[in-house]
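As numbered in the numbering used here, residues 60 to 259 make up the sequence shown, in order. We put the CB at the ideal spot given by N, CA and C, even for glycine. As the structure is a prediction and not an experimental result, all values here were calculated from the model. Written below as structure tokens is the structure these notes are about.
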Amino acid sequence: MQLRNAASAAGFALLLAATQLAVAEMDCLYCHRTMTKKKVVHAAVHMGCPSCHDNLDVSRVPHLNKGPFAKGLRAEVPALCISCHEQALFEGNMVHAPVNTGLCLDCHNPHTSNYPGLLNMKPASLCLNCHSDIENSEHLISGLSTKGHPLGNSKEVAPDPKRPGKMFYCASCHEPHRSTLPKLTRYGDGMTSCQTCHDK
């Protein structure tokens with residue numbers, strides 16, 4: 060009788076372990092399917108959640124964090140981001156303040172978005188969210204225009220003349236992460252930048 064009870068207990072333990080392993084290996088998207096429902100999905104999501112979240116006990120709901128970083132992340136942001144994204148893309152003479160302080164998630168959603176580049180909102184709106192002074196000043200260029208340069212936040216959306224397939228907004232002239240030029244300009248300083256699109 061004791062042998063039978065021991066065998067039953069061992070069998071139950073094996074079944075429990077197998078069940079926990081099955082739960083642990085379950086596709087995360089079974090529960091987190093909204094992470095693939097928007098227009099742009101981070102490649103890391105397709106690589107599998109453990110590519111970023113490898114310190115979670117997924118056999119428990121809510122999941123138990125087993126590591127030193129929030130949400131079971133392999134590292135803190137921005138170190139986690141830089142483990143896939145080339146660090147040189149975020150370094151230069153001029154670095155955008157959120158990039159310089161590691162605030163990647165202030166601008167980008169780490170999973171999915173309806174906006175290009177996994178942005179948290181419409182590109183121009185995202186820029187103007189912090190740079191409202193530019194919108195209020197109509198972004199006059201060297202006093203040459205009384206109307207102001209378009210910022211990409213109006214109802215009329217124009218294509219970017221220098222970046223095929225992209226729409227015109229702040230990043231048409233300014234690098235969003237880093238630049239070797241003042242004011243994070245993309246094509247040159249002062250009139251040199253303007254002349255990339257406008258005739259002399």
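{"Check": "CB contact flag (E194, N212, <9 Å)", "Outcome": "yes"}
{"Check": "Exposure of Y228, with buried meaning 16 or more beta-carbon neighbours within 10 Å", "Outcome": "buried"}
{"Check": "H155 to H167 span [Cα, whole Å]", "Outcome": "14 Å"}
{"Check": "C-alpha distance - H236 paired with D192, whole-angstrom precision", "Outcome": "20 Å"}
{"Check": "As assigned by DSSP and simplified to three states, the class of S142", "Outcome": "coil"}
{"Check": "Touch test, the stretch 129-140 against the stretch 105-113, Cβ-Cβ under 8 Å, three pairs minimum", "Outcome": "yes"}
{"Check": "Environment of C140 [buried if 16+ CB atoms lie within 10 Å]", "Outcome": "buried"}
{"Check": "Own chain residues within Cβ distance below 8 Å of M226, not counting five before or after", "Outcome": "P182, G211, V216, A217, P218 and D219"}
{"Check": "One or two residues paired with T244 in a DSSP bridge", "Outcome": "H233"}
{"Check": "Exposed unless 16 or more other CB atoms sit within 10 angstroms - verdict on N147", "Outcome": "Before going on, a small fix: residue 147 reads as Ala here, not Asn. Label assigned to A147: exposed."}
{"Check": "Three-state class that DSSP yields for V99 in the structure shown", "Outcome": "strand"}
{"Check": "For N124: DSSP bridge partner residues", "Outcome": "L115"}
{"Check": "C-beta atoms of G176 and V99 nearer than 9 Å", "Outcome": "yes"}
{"Check": "Bridge partner(s) assigned by DSSP for P209", "Outcome": "In the DSSP output, where bridge partners are listed per residue, P209 has none listed."}
{"Check": "Endpoints, alpha helix (DSSP H) assigned at S110", "Outcome": "Here S110 belongs to no alpha helix (DSSP H), and DSSP marks it neither H nor E."}
{"Check": "Bounding residues of the alpha helix (DSSP H) (the contiguous stretch that carries L132)", "Outcome": "Taken as a continuous stretch (DSSP letters only), L132 belongs to no alpha helix (DSSP H), as it is neither H nor E."}
{"Check": "Cut-off 7 Å between Cβ atoms - residues of its own chain near T95, not counting five sequence neighbours on either side", "Outcome": "L88, V104 and T171"}
{"Check": "Inter-residue Cα distance where the pair is H122 and G151", "Outcome": "39 Å"}
{"Check": "C-alpha gap between T142 and E135, whole angstroms", "Outcome": "Correcting the residue identity first, residue 142 is Ser in this sequence and not Thr. Roughly 11 Å between the two C-alpha positions."}
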